[in-house]
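Trainee:
Protein chains in written order, with our numbering: chain A, 1 to 452; chain B, 1001 to 1275.
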């Protein structure tokens, strides 16, 4: 009878198997292909975070048969789906293990004795000292010496390209995860003179899954919005002044512009590209009830074309449709005298229409509307994040790494003593065909004795 | 006073004529092994490059911004950089001189397409006023230039492999072509990465996000990953020769889609670009 002894795998063998699996070229290739596939899927299918709910509904209606599968696999939110997170973690783990291996390899190749080249050994009639000098002039550094063998390397830093690249990818992924988990962003649309206090609601708030509610540490007031235009009415620059109003009430003013953010108490404040006019309306019904309202509408793009918006006012059961020209005379975009036209609509029925400039009143169905004042408004984005420096450093390292790899191909020259003379051999670790003439050139410089 | 647009397009037409002459002489020189003619074609191409460069500089001064927005200026500056970098690279690697058979015609074709589109300049919106945008655009152009050279090498690799090699003596051996294609694809990969990095810094500077999954951003990442896959397959899976050349051509097509077509398909933060 034959007894079969089954070996119980130890923790070490299990770990080794996992390590081998994660370092396998096929695994890495599969991970790259899967990540590429995920990004393509997110680019092709509508995503919840970019498409509006209406667009999503339209897509689901159009592709009703595949839509349930689409949702089941999280293809409508690829980057926040569990499978994508798993893929990313696997990729990160593979990169980390690979980074460790790559660094060991780079260290060994840079400072170790290296492998004896399989190519030709050529005798040269020079002293070791002269060889040193000649190598130095040709850009080769002596990187190791063991026994009778000396190794000279051109671009030894080229060995570190892969390590830098891997480290860069690890930093980008880790920092992006930190950023996604902790970032706080808030959007405000403020009109000139409006104060936003800590705890007031945002127009839009986006917080990472580990972030607490985003509260401003101080009150912010928008003092002035300053649009500037080119002679063809295209927007030239949008700038603003905001005041930080601490609890003691002593305000301090700061300047902001598109592309010129402000660092403020661990936050960054951006001036958004959206701006327009805020119309201060007094709406009075036939019973004498007033509905003071402030309506913010985006700025028109042309002086002879209006911009449009629809809005509701609490307590009034009808819809308001608004359009406005930047200038009542349609002569300029930068005017303090805009023309606002309001239409009151019940379902599809128009109840009334009136056009107003500042100080004017008009009748709108059962209401009297007065345009009391007009001020500019603009959007402000507040952001508090950790990890951005890691993302950019990671990007930088990927570029440095790939640059070292492709721009600094490593070449090595080995020299060993034989009898009274020296034998030298050359090899390139990459793109050897491109440097085929290099060895001949070195031999010429040394004054070769003849090839073996 | 002469309309600046007339001067601009006039200079471009002169450059096109010079490039066409250079292409004809270059083809003659390479096909019939006339080194004198080939050398002359480079002199004409350099003359064209000077006129073309003057046209771009003039437009930059008149419009007040670099070639970032209008199709005409983007294609023209791409063409200029493709030729300029090719002239530098062919001095560093003389074996790639045959790539002029693709680079020279590509140059005048790109300008020609631009000239038949609306060349009127547009004013720069405030969000595009950033030094990072200059780097962002410049590195995409450099990446495109190196990829065009790699494309030329890949095309000639396939031609030489499939046709009678004796009739294509002007081309280096297949193994050399393969190495050059790999090297230039690597350059393209690096410059594409730098372009994405500078773009993400610009995005962060502009609206507080380094990445917004905007269609152009996403397709740019897909292209970069595609080139990464190509380089990975070459290095670790021994992909070389014809199948590597074909894969590179597919990745190159992807890069053209990302650079010139995605902006038409979807609205994006890059909406001012190439419209």
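Every residue, glycine too, gets a C-beta built ideally from N, C-alpha and C.
These numbers were taken from a predicted model, which means no experiment stands behind them.
Is DSSP giving residue 63(A) helix, strand or coil here?
Mentor: coil
Trainee: Mind listing, in chain order, the continuous alpha helix (DSSP H) runs of no fewer than 4 residues lying wholly within the segment 50-101 of chain A?
Mentor: 53-62, 67-72
Trainee: Measuring alpha carbon to alpha carbon, tell me which residue in 1036(B), 1070(B), 1150(B) is nearest residue 1338(B).
Mentor: Coverage of chain B is limited to positions 1001 through 1275, which leaves residue 1338(B) absent and any answer about it impossible.
Trainee: When DSSP labels each residue in this structure, what does residue 449(A) get in the three-state scheme?
Mentor: Confidence at residue 449(A) is low in this model, with a pLDDT of 48, below 50, so its placement is unreliable and the value that follows should be read with caution. Three-state result, residue 449(A): coil.
Trainee: Closer than 8 angstroms is the cut-off here; do at least three beta carbon pairs connect the segment 113-124 of chain A with the segment 138-150 of chain A?
Mentor: yes
Trainee: So with CB distances below 8 angstroms, who are the chain B contacts of residue 36(A)?
Mentor: By Cβ distance, chain B contributes 1222, 1225, 1226, 1229.
Trainee: To the nearest angstrom, how far is it from the Cα of residue 62(A) to the Cα of residue 53(A)?
Mentor: Between residue 62(A) and residue 53(A), the alpha-carbon positions lie close to 14 angstroms from each other.
Trainee: Under 7 angstroms Cβ to Cβ from residue 440(A), same chain only, skipping five residues before and after it: list those, please.
Mentor: none
Trainee: Express the C-alpha separation of residue 102(A) and residue 401(A) in angstroms, rounding to a whole number.
Mentor: 12 angstroms
Trainee: From residue 429(A) to residue 154(A), what does the alpha carbon distance come to, in whole angstroms?
Mentor: 11 angstroms
Trainee: Answer yes if the segment 311-326 of chain A comes into contact with the segment 282-296 of chain A, meaning at least three C-beta pairs across the two stretches below 8 angstroms, and no otherwise.
Mentor: yes
Trainee: Does the CB of residue 1066(B) have a neighbour CB from chain A at under 8 angstroms?
Mentor: Judged by the 8 angstroms Cβ criterion, residue 1066(B) is not in contact with chain A.
Trainee: Across the segment 1179-1190 of chain B and the segment 1148-1162 of chain B, are there enough close Cβ pairs to call them in contact, namely three or more that are closer than 8 angstroms?
Mentor: Yes, the segment 1179-1190 of chain B is in contact with the segment 1148-1162 of chain B.
Trainee: At the level of alpha carbons, what is the spacing between residue 381(A) and residue 235(A)?
Mentor: C-alpha separation (whole angstroms): 20 angstroms.
Trainee: Would you give the residue range spanned by the alpha helix (DSSP H) that residue 1234(B) belongs to?
Mentor: Start and end: 1215-1236.
Trainee: For residue 420(A), which three-state DSSP category applies?
Mentor: coil
Trainee: Output, in chain order, the set of chain A residues within a Cβ distance shorter than 9 angstroms of residue 1197(B).
Mentor: Those are 392, 395, 396, 398, 399, listed as they occur along chain A.
Trainee: With DSSP as the reference, please indicate the residues paired to residue 298(A) in a beta bridge.
Mentor: 276(A)
Trainee: Strictly by DSSP, which residues pair up with residue 1060(B)?
Mentor: Checking the DSSP bridge columns, you'll see residue 1060(B) has no partner listed.
Trainee: Taking Cβ positions only, does residue 235(A) come closer than 8 angstroms to chain B?
Mentor: yes
Trainee: Distance cutoff 8 angstroms, beta carbons only. Does residue 1208(B) sit that close to anything in chain A?
Mentor: So yes, residue 1208(B) belongs to the interface.
Trainee: Listing by chain order, which chain A residues have their CB less than 9 angstroms from the CB of residue 1232(B)?
Mentor: Simply 25, 28, 29, 32.
Trainee: Since residue 1222(B) and residue 40(A) are thought to touch, with beta carbons under 8 angstroms apart, how far apart are those beta carbons, to the nearest angstrom?
Mentor: 6 angstroms
Trainee: Starting from the beta carbon of residue 431(A), find every residue of chain B whose beta carbon is closer than 8 angstroms, and list them in chain order.
Mentor: 1179, 1182, 1183
Trainee: Check whether the Cβ atoms of residue 318(A) and residue 356(A) lie closer than 8 angstroms to each other.
Mentor: no
Trainee: Within 8 angstroms of any Cβ in chain A, is that where the Cβ of residue 1204(B) sits?
Mentor: Residue 1204(B) counts as touching chain A.
Trainee: Which parts of the segment 97-183 of chain A are runs of the alpha helix (DSSP H), unbroken and 4 residues or longer, counting only runs that do not cross its ends?
Mentor: 128-137, 161-182
Trainee: Please work out which residues of its chain come closer than 6 angstroms, Cβ to Cβ, to residue 387(A), disregarding the five sequence neighbours upstream and downstream, and give them in chain order.
Mentor: 175, 178, 179
Trainee: What residue from 26(A), 255(A), 344(A), 385(A) has the CA that sits closest to residue 207(A)'s CA?
Mentor: For residue 207(A), the nearest C-alpha among the options comes from 385(A).
Trainee: Take residue 420(A) and list the residues in its own chain whose beta-carbon comes closer than 6 angstroms to its own, dropping the five residues that flank it on each side.
Mentor: none
Trainee: Should residue 1008(B) be labelled buried (16 or more other beta-carbon atoms within 10 Å of its own) or exposed?
Mentor: Label assigned to residue 1008(B): buried.
Trainee: List the whole-angstrom C-beta distance separating residue 374(A) from residue 342(A), where the pair is believed to meet the contact cut-off of C-beta under 8 angstroms.
Mentor: Between residue 342(A) and residue 374(A) the Cβ distance is about 14 angstroms, and since that is not below 8 angstroms, they are no contact.
Trainee: Go through its chain and collect everything with a Cβ distance to residue 1087(B)'s Cβ below 8 angstroms, but skip five positions before and after it.
Mentor: 1042, 1045, 1046, 1049
Trainee: Helix or strand or just coil, what does DSSP make of residue 48(A)?
Mentor: coil
Trainee: With a CB to CB cut of under 6 angstroms and the five nearest residues on each side skipped, what residues in its chain are close to residue 45(A)?
Mentor: 75
Trainee: DSSP state of residue 235(A), grouped into three classes?
Mentor: strand
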